Structures are given as C-alpha cells and as structure tokens.
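Heads up: the sequence shown at position 206 corresponds to 340 in this note's numbering, and the numbers run straight through without jumps. Glycine included, every Cβ here is placed at the ideal spot set by N, Cα and C. Here the structure is a predicted model, which means the values were calculated and not measured. Encoded as structure tokens, the structure appears first; notes follow it.
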Amino acid sequence: MGYQRVLLKLSGEALMGDQGYGIDPAIVSAIAQDVAACVADGTQLAIVVGGGNIFRGLKGSAAGMDRATADYVGMLATVMNAITLQDGLERAGVPTRVQSAISMQEVAEPYIRRKAIRHMEKGRVVIFAAGTGNPFFTTDTTAALRAAEIGADVVFKATKVDGVYDKDPNKFADAVRYESLSFLDVLSGELEVMDSTAIALCKDNAIPIVVFDLFGAGNIGRAVRGEPIGTSILPAV
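Structure (structure tokens):
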C-alpha cells in the first residue's frame, strides 16, 4: 500500500545536523534527493518545516519575550528554512513552491489551498511556511491542519528518532518502540509525538501519522511506499 498525497513534517532541528544551530547543506541535499525520488514515482508531496534550528517561540517566551512576538519570530525562522529547502529541491530537479501564511510576496506565494493542490497535481512540491500565521500554534498543528486542507492521505513526521517509545530512548536503555498506536493511546498516554491539538486534528479527520527516522537513507521513500517503518498512529489499532 503506497500513498498518493503526503504531508511531510520536518523539524527545524533536523536541518542543523550535528552543528547545533543553523542549516547543514548536506542534510538539505540528502532530504532533497529522497523527496526527488518520491516525486519521480508520482507521489504528490507537501512539506511543513519547523524553525527550531534558528529560533523557537516557546524558548523566547520562557526567556521573557512576549509569547505572541516570540512565536512570530519563530514563524519567520520557518520561512528561512523553507526557502533553503526550496533551493535544495530545485537543485535536485524538483519544481518547488513556497507558500507562506504571512504575506511576503518577494520570496513566497501566499497560502492558497486550491493553488497548493494544483501545484501538487502538476508534480510540484509545496512547502508551507510561517506556520498557521497565528501565534500559539505549533508547526505540528500546522502540519495536521494543512494535511486536512489538501486532502493528504497521511502525515509523515520525520525526526531524529526511529519511532515512538514508551519513554525517552536517549535516557533509558530499556525503552520500547511501538509499531502502532491509536490516537486515543497517544492522547491518553501523553506520548510525545505531536502536541494534542495536532493529534486531535488528525484524529478528527482520520489522517494517519507515521513517525520515523529522517536520517536513514531512503526512509522517506519507504514510508511513501507503505513499507513497515517507525511507528504508525491510526484511527484504531
């Protein structure tokens, strides 16, 4: 079972690699190659990218910034990441459009749902930037919202770990990875997959989520083809 239309959620932290900050060009290139292979096989693909490699609104708020202001700065960070990803994808031969929820016509199209769908139907990748355009909403929630709006078959959350665990695998050697979970399992168990708003949006719209390791070569393609990978979060298990 493969997926026809996919929403890929990338964390900003994933783009910085081992640098600790900013964007690692090698990571961008590797992602672009994986995405290019999927598009060549006919998959319609959209991307939501975070901004935590540059600025995270919650951290800014914790340091004393006004929360809404900090979130807007975080949204601008996602635009920088989106434009960088666009460049990497186009160098890999993939026509790509950035749509921003905050108007900045010199560097990105405004977010228009029908136009985004049309781009994908024409074989272009669409990168959604600037979150929802509103403070107090995460980019995970943006991913769930955009997936529902464009009629995506699935949300892929590509991260630095290979799935969802019962506890932090970086701290506990006996942590166990789940192969599948229900949305209710995630919400009731307070598992750190996405925030509860994002999970609830996917649950209400019956959009499955697959959490997997971004850095495994070809993992995006494996996920698109429906091969067993990471942890699947489904309406019912």
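Terminal residues of the continuous beta strand (DSSP E) containing T365? Residues T365 to L368.
If we require 4 or more residues per run, which alpha helix (DSSP H) segments fall completely within the segment 229-281? Taking 4 residues as the shortest admissible run, the segment 229-281 contains the following complete alpha helix (DSSP H) segments, listed from N- to C-terminal end: 247-255.
Segment limits, beta strand (DSSP E) that includes V183: First-last of the beta strand (DSSP E) with V183: Q178 to V183.
Does the separation of the CB atoms of Q220 and T230 fall below 7 Å? Yes, they are a contact pair.
Is the beta carbon of G350 closer than 7 Å to that of C75? What the structure shows of the chain is the stretch from 135 to 371, and residue 75 is not part of that stretch, so it cannot be assessed.
Beta-carbon contacts of I157 that lie in its chain and below 6 Å, excluding the five residues immediately before and after: If you ignore the 5 residues before and after I157, its C-beta comes within less than 6 Å of the C-beta of L149 and T218, all in its own chain and listed in chain order.
Determine the direct distance from the alpha carbon of G186 to that of P269, and round the result to whole angstroms. Each residue's alpha carbon lies about 15 Å from the other.
F262 and V345 - do their beta-carbons sit closer together than 7 Å? No. Outside cutoff.
Entirely enclosed alpha helix (DSSP H) segments - the segment 162-211, minimum 4 residues: The qualifying runs are 191-196.
Quick check on A160: buried or exposed, where buried means 16 or more other Cβ atoms within 10 Å of its Cβ? Burial call: exposed.
Counting pairs of beta carbons, one from the segment 266-283 and one from the segment 326-341, are three or more of them closer than 8 Å? The segment 266-283 and the segment 326-341 touch, with no fewer than 3 CB-CB distances between them shorter than 8 Å.
Within the continuous beta strand (DSSP E) that includes K337, where are the two ends? Per DSSP, K337 is not a residue of any beta strand (DSSP E); the alpha helix (DSSP H) it occupies stretches across S330 to D338.
Look at A334 and I284 and say whether their C-beta atoms are less than 7 Å apart. A334 is not a Cβ neighbour of I284, given a cutoff of 7 Å.
Sequence-distant residues of its chain with Cβ nearer than 8 Å to S375 (five each side left out): In this structure the chain extends from 135 to 371, so residue 375 is not present and cannot be described.
Tell me whether Q178 is buried or exposed, calling it buried when 16 or more other Cβ atoms sit within 10 Å of its Cβ. With 16 or more other Cβ atoms within 10 Å, it is buried.
Whole beta strand (DSSP E) elements within the segment 295-329, 3-residue minimum: Runs of the beta strand (DSSP E) inside the segment 295-329: 314-316.
Need the endpoints of the beta strand (DSSP E) that I343 sits in, please. Unbroken beta strand (DSSP E) run through I343: I343 to D347.
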